[in-house]
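Just add 9 to wherever you are in the sequence shown, counting from 1, and you've got our numbering.
To keep things clear, I will list the structure first and then write my remarks on it.
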Amino acid sequence: MSTTLQSLFVFGSSHREAPLAIRERFALGPEETLQLQAQLFELPDIKECLVVSTCNRIEIYGLAQNASNIETSVRENLCALRGVERELLDAHSFWHSNLEALQHVLEVCGGLESQIVGETEILGQMKQAYARAQAANCIGSVLNRVFEKSFQAAKAARNQTGITAGQVSIGNVAVELASRIFGQISTSRVLLLGSGEVAEKTAKALKSKGVADISVSSRNFENAHQLAHNFEGAAIEFSDFQQQLAHFDIVVSSTAATEPVLTRTSLERARKKRPDQPCFLIDLGMPRDIEPSVEDLDEVYLYNLDDLSKIANENLEQRKTKIEAARVILKRHAWNLWLQLRRRELQPKRVEAALQSPKSNAVANQA
Numbered sequence: 010m011s012t013t014l015q016s017l018f019v020f021g022s023s024h025r026e027a028p029l030a031i032r033e034r035f036a037l038g039p040e041e042t043l044q045l046q047a048q049l050f051e052l053p054d055i056k057e058c059l060v061v062s063t064c065n066r067i068e069i070y071g072l073a074q075n076a077s078n079i080e081t082s083v084r085e086n087l088c089a090l091r092g093v094e095r096e097l098l099d100a101h102s103f104w105h106s107n108l109e110a111l112q113h114v115l116e117v118c119g120g121l122e123s124q125i126v127g128e129t130e131i132l133g134q135m136k137q138a139y140a141r142a143q144a145a146n147c148i149g150s151v152l153n154r155v156f157e158k159s160f161q162a163a164k165a166a167r168n169q170t171g172i173t174a175g176q177v178s179i180g181n182v183a184v185e186l187a188s189r190i191f192g193q194i195s196t197s198r199v200l201l202l203g204s205g206e207v208a209e210k211t212a213k214a215l216k217s218k219g220v221a222d223i224s225v226s227s228r229n230f231e232n233a234h235q236l237a238h239n240f241e242g243a244a245i246e247f248s249d250f251q252q253q254l255a256h257f258d259i260v261v262s263s264t265a266a267t268e269p270v271l272t273r274t275s276l277e278r279a280r281k282k283r284p285d286q287p288c289f290l291i292d293l294g295m296p297r298d299i300e301p302s303v304e305d306l307d308e309v310y311l312y313n314l315d316d317l318s319k320i321a322n323e324n325l326e327q328r329k330t331k332i333e334a335a336r337v338i339l340k341r342h343a344w345n346l347w348l349q350l351r352r353r354e355l356q357p358k359r360v361e362a363a364l365q366s367p368k369s370n371a372v373a374n375q376a
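This is the structure we're talking about:
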């Protein structure tokens, strides 16, 4: 069996292995993602590595001297960083190597492993993770090839099957859900907490439904102002939004906070000012932005990422043919990539180059 392919691995946890309450305990912020990637890259047996953290998954891709010897170290590094028990992580995670690892990364990039099957955001997130790992010199020839080929395969699967057709983005699904609750939402007053990509796509979806009253609040007021300006809305200082909650019918939160930004106490105060009017909350944060107990309040309706995925995948059976067709295409690309890597290894000079990591190159340059 090929030495390189035996040492190619992916470890992670996603919506398939863990419920929301567990996933948020594993979730990494941007700085923690880079920190974990750097720590793993320093391990003697790891030649290349890349860490992906999104609202629904934490995954570590790597090339190791021997994958079976490195698994314990990978798991323990994540546990130490997040302060979680090893038993909890082991019960809600997976480990793939060889061809299974290749198949997995292709299906992730293609949206088949997403909580909302066929969504396109994950491809952009994988590309961003790849770019960060490149900038940190944590990947070399093997993972470069794996990810470049995965991006190409994902594009081919989407183009050839139409798997992305329909409401397959978080923003679109959130707005579809709001329409079900409120009926006509064009007159609804909406508050977006957070000014990132998810907030922007949600704003676009709201605008497409005729919503005119959109406000944005973010810790970065300049970003909030820019997003609000793009959609003819208003920006609110993050320190002030809780005092203005009573003005809004719909609140969509997608911040990068590590603790809830909307509490039951603050919402109770807002409810006293509008006791008979419903309040619709969509929590797209990971970890969650809104205290789950707010759902116990009268006329308050709270939905999270898991709730949205159920709605988005209601027509999954109707799309089954497209999904299977995409899977076949990605399996073919995975097998071709597997053969390419094996052929490279059969040539001794290329074997040495493929296994030589950015780490060893850096050491050689310093010498």
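Where a beta carbon is used, it is the ideal one built from N, C-alpha and C, also for glycine.
May I ask you to check if the CB of residue i is nearer than 7 Å to at least one heavy atom of the ligand NAP?
{"i": "Leu29", "result": "No copy of the ligand NAP occurs in the structure displayed, which carries no ligand at all."}
Measure how close the beta-carbons of residue i and residue j come, nearest whole angstrom, since I'm counting them as under 8 Å.
{"i": "Leu306", "j": "Arg280", "result": "6 Å"}
{"i": "Gln137", "j": "Leu314", "result": "Not confirmed; about 19 Å, so no contact."}
{"i": "Val127", "j": "Thr173", "result": "Val is not the amino acid found at residue 127; the sequence shown has Gly there. Indeed, because the Cβ distance is near 5 Å, the residues count as touching under 8 Å."}
{"i": "Arg9", "j": "Arg25", "result": "Outside the modelled stretch of the chain, which goes from 10 to 376, sits residue 9, for which no answer is possible."}
Measure the CB-CB distance between residue i and residue j and report whether it falls below 8 Å.
{"i": "Ile179", "j": "Glu130", "result": "yes"}
{"i": "Gln197", "j": "Ile259", "result": "What sits at residue 197 in the sequence shown is Ser, not Gln. Yes, the pair counts as a contact, with Cβ atoms nearer than the cut-off."}
{"i": "Arg95", "j": "Glu80", "result": "no"}
{"i": "Gly242", "j": "Val225", "result": "yes"}
{"i": "Leu121", "j": "Ile332", "result": "yes"}
{"i": "Gln134", "j": "Thr63", "result": "yes"}
{"i": "Gly38", "j": "Glu57", "result": "no"}
{"i": "Arg278", "j": "Ser302", "result": "no"}
{"i": "Pro287", "j": "Glu304", "result": "no"}
{"i": "Ala335", "j": "Ala166", "result": "yes"}
{"i": "Leu152", "j": "Ser204", "result": "no"}
{"i": "Phe240", "j": "Ile223", "result": "yes"}
{"i": "Val337", "j": "Phe257", "result": "no"}
{"i": "Lys158", "j": "His342", "result": "yes"}
{"i": "Gly119", "j": "Leu339", "result": "yes"}
First and last residue of the alpha helix (DSSP H) that includes residue i?
{"i": "Cys118", "result": "Asn107 to Cys118"}
{"i": "Val155", "result": "Ser150 to Thr170"}
{"i": "Ala144", "result": "Glu130 to Ala144"}
{"i": "Val207", "result": "Glu206 to Ser217"}
{"i": "Ala30", "result": "Leu29 to Phe35"}
{"i": "Ala100", "result": "Arg95 to Ala100"}
Just tell me which of the options has its CA closest to the CA of residue i.
{"i": "Val117", "options": "Glu241, Ser275 and Gln161", "result": "Gln161"}
{"i": "Leu254", "options": "Phe240, Arg228, Leu290 and His234", "result": "Leu290"}
{"i": "Glu68", "options": "Asn239, Ile31, Val83 and Lys319", "result": "Val83"}
{"i": "Asn78", "options": "Leu201, Pro53, Leu59 and Asp99", "result": "Pro53"}
{"i": "Ile3", "options": "Lys368, Asn229, Val337 and Cys88", "result": "Because the chain in this structure spans residues 10 to 376, residue 3 falls outside the shown range and cannot be described."}
{"i": "Asn65", "options": "Pro296, Gln349 and Pro367", "result": "Pro296"}
From which residue to which residue does the beta strand (DSSP E) around residue i run?
{"i": "Glu308", "result": "Premise fails: Glu308 is in no beta strand (DSSP E) and is neither H nor E."}
{"i": "Ile291", "result": "Cys288 to Asp292"}
The stretch 263-275 contacting the stretch 204-212, beta-carbon criterion three pairs below 8 Å = yes
Please determine if the stretch 13-31 and the stretch 99-106 are in contact, where contact requires at least 3 C-beta pairs separated by less than 8 Å.
-> yes
Below 8 Å, can you find three or more Cβ-Cβ pairs linking the stretch 188-196 to the stretch 136-154?
-> no
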